[in-house]
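Asker: Quick one: the structure is below, and I'll ask about it shortly.
And the structure:
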(Lines of atoms letter the chains of each structure in order from A and count residues from 1; the text may use other names and numbers.)
(Lines give C-alpha, C1' and ligand atoms only; values in the text may rest on other atoms or scores of the structure.)
Protein backbone atom coordinates (compact mmCIF):
# COMPACT_ATOMS: atom_id res chain seq x y z
CA UNK A 1 0.00 0.00 0.00
CA UNK A 2 1.60 3.31 1.04
CA UNK A 3 3.79 4.93 3.63
CA UNK A 4 2.13 8.13 4.80
CA UNK A 5 3.64 11.27 6.27
CA UNK A 6 3.31 11.39 10.05
CA UNK A 7 1.94 14.66 11.41
CA UNK A 8 4.08 16.26 14.09
CA UNK A 9 3.28 17.88 17.43
CA UNK A 10 1.77 21.31 16.89
CA UNK A 11 -0.42 20.23 13.98
CA UNK A 12 -4.03 21.08 14.94
CA UNK A 13 -5.31 17.73 13.64
CA UNK A 14 -3.45 15.98 16.49
CA UNK A 15 -5.36 18.04 19.05
CA UNK A 16 -8.89 16.87 18.24
CA UNK A 17 -11.04 13.93 19.30
CA UNK A 18 -11.47 11.35 16.53
CA UNK A 19 -14.75 9.95 15.27
CA UNK A 20 -15.86 6.34 15.82
CA UNK A 21 -15.70 3.90 12.91
CA UNK A 22 -19.23 3.01 11.81
CA UNK A 23 -18.55 0.64 8.89
CA UNK A 24 -16.26 -2.36 9.16
CA UNK A 25 -14.73 -4.73 6.61
CA UNK A 26 -14.69 -2.14 3.83
CA UNK A 27 -11.95 -1.73 1.21
CA UNK A 28 -11.30 1.79 2.56
CA UNK A 29 -10.79 0.54 6.12
CA UNK A 30 -8.50 -2.28 4.97
CA UNK A 31 -6.43 0.18 2.92
CA UNK A 32 -6.17 2.55 5.90
CA UNK A 33 -5.01 -0.27 8.18
CA UNK A 34 -2.41 -1.50 5.69
CA UNK A 35 -1.15 2.09 5.21
CA UNK A 36 -0.90 2.46 8.98
CA UNK A 37 1.15 -0.74 9.37
CA UNK A 38 3.36 0.26 6.41
CA UNK A 39 3.92 3.70 7.94
CA UNK A 40 4.57 2.31 11.42
CA UNK A 41 7.16 -0.09 10.00
CA UNK A 42 8.83 2.54 7.81
CA UNK A 43 9.24 4.88 10.80
CA UNK A 44 10.29 2.00 13.09
CA UNK A 45 7.40 2.59 15.46
CA UNK A 46 5.57 0.16 17.71
CA UNK A 47 2.19 1.83 17.27
CA UNK A 48 0.33 4.36 15.18
CA UNK A 49 -3.04 6.10 15.47
CA UNK A 50 -5.07 7.16 12.42
CA UNK A 51 -4.96 10.87 13.40
CA UNK A 52 -1.16 10.76 13.09
CA UNK A 53 -1.58 10.31 9.34
CA UNK A 54 -4.45 12.79 9.06
CA UNK A 55 -7.39 10.39 9.32
CA UNK A 56 -10.16 11.37 11.73
CA UNK A 57 -11.12 7.85 12.89
CA UNK A 58 -10.72 5.89 16.13
CA UNK A 59 -8.28 3.34 14.73
CA UNK A 60 -4.91 2.33 16.16
CA UNK A 61 -2.43 -0.33 15.16
CA UNK A 62 0.44 -1.62 17.26
CA UNK A 63 2.76 -4.55 17.72
CA UNK A 64 6.41 -5.36 18.21
CA UNK A 65 8.74 -8.28 17.72
CA UNK A 66 12.04 -6.42 17.85
CA UNK A 67 12.56 -2.69 17.63
CA UNK A 68 15.80 -0.74 18.02
CA UNK A 69 13.93 2.15 19.66
CA UNK A 70 12.73 -0.24 22.40
CA UNK A 71 15.37 -3.01 22.54
CA UNK A 72 14.28 -4.40 25.92
CA UNK A 73 10.55 -4.42 25.20
CA UNK A 74 8.54 -7.63 25.32
CA UNK A 75 6.84 -8.65 22.11
CA UNK A 76 3.28 -7.51 21.46
CA UNK A 77 1.09 -9.18 18.81
CA UNK A 78 0.36 -7.10 15.72
CA UNK A 79 -3.05 -5.67 16.55
CA UNK A 80 -5.74 -3.56 14.93
CA UNK A 81 -7.88 -1.86 17.57
CA UNK A 82 -10.94 0.10 16.45
CA UNK A 83 -13.22 2.16 18.70
CA UNK A 84 -11.21 1.19 21.80
CA UNK A 85 -12.42 1.27 25.37
CA UNK A 86 -9.78 1.22 28.13
CA UNK A 87 -10.09 0.45 31.81
CA UNK A 88 -7.20 0.47 34.26
CA UNK A 89 -6.99 -2.62 36.45
CA UNK A 90 -6.15 -1.52 39.96
CA UNK A 91 -4.52 1.72 41.02
CA UNK A 92 -0.91 0.82 40.22
CA UNK A 93 0.82 3.20 37.83
CA UNK A 94 4.38 3.01 36.60
CA UNK A 95 6.75 5.56 35.15
CA UNK A 96 8.26 4.69 31.80
CA UNK A 97 10.08 6.35 28.93
CA UNK A 98 8.04 7.05 25.81
CA UNK A 99 8.74 8.34 22.37
CA UNK A 100 6.34 9.18 19.58
CA UNK A 101 6.49 9.35 15.81
CA UNK A 102 4.70 12.70 16.07
CA UNK A 103 7.35 14.01 18.48
CA UNK A 104 10.48 12.78 16.66
CA UNK A 105 13.81 12.61 18.44
CA UNK A 106 12.40 13.29 21.91
CA UNK A 107 11.65 11.01 24.85
CA UNK A 108 9.86 11.61 28.11
CA UNK A 109 8.97 9.76 31.28
CA UNK A 110 5.21 9.27 31.66
CA UNK A 111 3.08 7.60 34.32
CA UNK A 112 0.61 5.03 32.97
CA UNK A 113 -1.63 2.34 34.42
CA UNK A 114 0.47 -0.77 34.99
CA UNK A 115 -2.37 -3.16 34.12
CA UNK A 116 -5.08 -2.54 31.60
CA UNK A 117 -8.23 -4.09 30.18
CA UNK A 118 -9.02 -2.99 26.66
CA UNK A 119 -11.72 -3.87 24.20
CA UNK A 120 -12.70 -2.84 20.73
CA UNK A 121 -13.14 -4.24 17.26
CA UNK A 122 -10.92 -5.69 14.57
CA UNK A 123 -11.16 -4.68 10.89
CA UNK A 124 -14.01 -7.13 10.26
CA UNK A 125 -16.07 -5.73 13.13
CA UNK A 126 -15.43 -8.60 15.54
CA UNK A 127 -15.34 -7.44 19.16
CA UNK A 128 -12.38 -8.58 21.25
CA UNK A 129 -10.83 -7.78 24.60
CA UNK A 130 -7.52 -8.29 26.38
CA UNK A 131 -5.99 -7.83 29.79
CA UNK A 132 -2.39 -6.67 29.54
CA UNK A 133 0.38 -5.17 31.62
CA UNK A 134 3.75 -3.46 31.41
CA UNK A 135 4.90 -2.26 27.97
CA UNK A 136 1.83 -3.62 26.17
CA UNK A 137 -0.43 -1.59 28.47
CA UNK A 138 1.75 1.50 27.97
CA UNK A 139 1.62 1.25 24.16
CA UNK A 140 -2.17 0.89 24.08
CA UNK A 141 -2.68 3.87 26.40
CA UNK A 142 -0.25 6.00 24.39
CA UNK A 143 -1.95 5.21 21.06
CA UNK A 144 -5.49 5.66 22.37
CA UNK A 145 -4.48 9.06 23.78
CA UNK A 146 -3.92 10.13 20.16
CA UNK A 147 -7.58 9.41 19.45
CA UNK A 148 -8.48 11.93 22.15
CA UNK A 149 -6.09 14.63 20.91
CA UNK A 150 -3.48 13.98 23.62
CA UNK A 151 0.27 13.73 23.04
CA UNK A 152 2.52 12.23 25.71
CA UNK A 153 4.47 15.45 26.53
CA UNK A 154 1.31 16.85 28.15
CA UNK A 155 1.44 13.94 30.65
CA UNK A 156 5.05 14.43 31.74
CA UNK A 157 5.15 15.37 35.42
CA UNK A 158 8.87 16.13 35.72
CA UNK A 159 10.24 18.08 32.75
CA UNK A 160 13.78 17.10 33.82
CA UNK A 161 12.84 13.73 32.34
CA UNK A 162 12.06 15.02 28.85
CA UNK A 163 14.54 15.67 26.12
CA UNK A 164 16.31 14.52 23.01
CA UNK A 165 16.88 10.78 22.87
CA UNK A 166 20.63 11.07 22.33
CA UNK A 167 21.11 13.41 25.29
CA UNK A 168 19.04 11.29 27.63
CA UNK A 169 20.76 8.12 26.44
CA UNK A 170 24.21 9.64 27.07
CA UNK A 171 23.17 10.47 30.63
CA UNK A 172 22.16 6.81 31.09
CA UNK A 173 18.57 7.70 31.89
CA UNK A 174 17.18 5.27 29.31
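In the numbering used here, the protein residues as written are 7 to 180.
For every residue, glycine included, the Cβ atom is placed at its ideal position computed from N, Cα and C.
1. Could you tell me which residues DSSP puts in a beta bridge with residue 104?
2. Within 10 angstroms of the Cβ of residue 166, are there 16 or more other Cβ atoms? Answer buried if so, exposed if not.
3. So who's on the other strand from residue 93, going by DSSP bridges?
4. Quick test of your reading: residue 134 and residue 30, contact by CB under 8 Å. State the CB separation rounded to the nearest angstrom.
5. Out of 107, 96, 131, 103, point me to the one whose CA is closest to residue 144's CA.
6. Excluding the five sequence neighbours on either side, which residues of its own chain have a C-beta within less than 6 Å of the C-beta of residue 137, listed in chain order?
7. According to DSSP, is residue 18 helix, strand or coil?
8. Just curious, the alpha helix (DSSP H) that residue 145 is in, first and last residue?
9. Could you give the DSSP three-state label for residue 134: helix, strand or coil?
10. In the DSSP output, which residue or residues are listed as bridge partners for residue 25?
11. Taking C-alpha atoms, which residue in 86, 47, 93 lies nearest to residue 121?
12. Ignore the nearest five residues each way along the sequence and tell me which others in residue 38's own chain have a CB closer than 8 Å to its CB.
13. Along the chain, where does the alpha helix (DSSP H) that runs through residue 13 open and close?
14. First and last residue of the beta strand (DSSP E) that includes residue 157?
15. Quick one, which of 142, 150, 112 has its alpha-carbon nearest residue 1's?
16. Would you decide whether residue 42 is buried or exposed? Buried here means 16 or more other CB atoms lie within 10 Å of its CB.
17. Compute the distance between the beta-carbons of residue 162 and residue 168, then report whether it is under 7 Å.
18. May I ask you to check if the CB of residue 75 is nearer than 6 Å to at least one heavy atom of the ligand SAM?
Answerer: So, to answer that:
1. Against the chain shown, residue 104 aligns to sequence position 98. 114, per the DSSP bridge assignment.
2. As a first step, residue 166 must be located in the chain shown, where it is residue number 160. Result: exposed.
3. Residue numbering aside, residue 93 sits at position 87 when the chain shown is read from its first letter. Answer is 123, bridged to residue 93.
4. Residue 134 sits at position 128 when you count from the first residue of the chain shown. Residue 30 sits at position 24 when you count from the first residue of the chain shown. Contact flag wrong, Cβ pair sits at about 13 Å.
5. Against the chain shown, residue 144 aligns to sequence position 138. It is 103.
6. Counted from its first residue, the chain shown places residue 137 at position 131. Cβ within range, chain order: 123.
7. Against the chain shown, residue 18 aligns to sequence position 12. Residue 18: helix per DSSP, three-state reduction.
8. Position 139 of the chain shown, counted from the start, is the residue given in the question as residue 145. Looking at the DSSP string, the run of the alpha helix (DSSP H) that includes residue 145 is 140-153.
9. Locating residue 134 in the chain shown gives position 128, where the first residue counts as 1. In the structure shown, the three-state DSSP call for residue 134 is strand.
10. In the chain shown, the residue the question calls residue 25 occupies position 19. Answer is 63.
11. Along the chain shown, one-based indexing puts residue 121 at 115. Here the closest residue by C-alpha is 93.
12. On the chain shown, residue 38 is found 32 positions in, with the first residue counted as 1. Around residue 38: 56, 61, 63, 65.
13. Start at 1 with the first residue of the chain shown, and residue 13 comes out as number 7. Per DSSP, residue 13 belongs to no alpha helix (DSSP H) and is neither H nor E.
14. Sequence index remark: in the chain shown, residue 157 carries index 151 (1-based). Note, residue 157: premise wrong, no beta strand (DSSP E); not H, not E.
15. A query on residue 1 cannot be resolved here, the shown segment of the chain reaching from 7 to 180 and no further.
16. Along the chain shown, one-based indexing puts residue 42 at 36. Buried, by the Cβ-count rule.
17. Residue numbering aside, residue 162 sits at position 156 when the chain shown is read from its first letter. Residue numbering aside, residue 168 sits at position 162 when the chain shown is read from its first letter. Going by C-beta atoms, residue 162 is nearer than 7 Å to residue 168.
18. The model on display carries no ligand, and the ligand SAM is accordingly not part of it.
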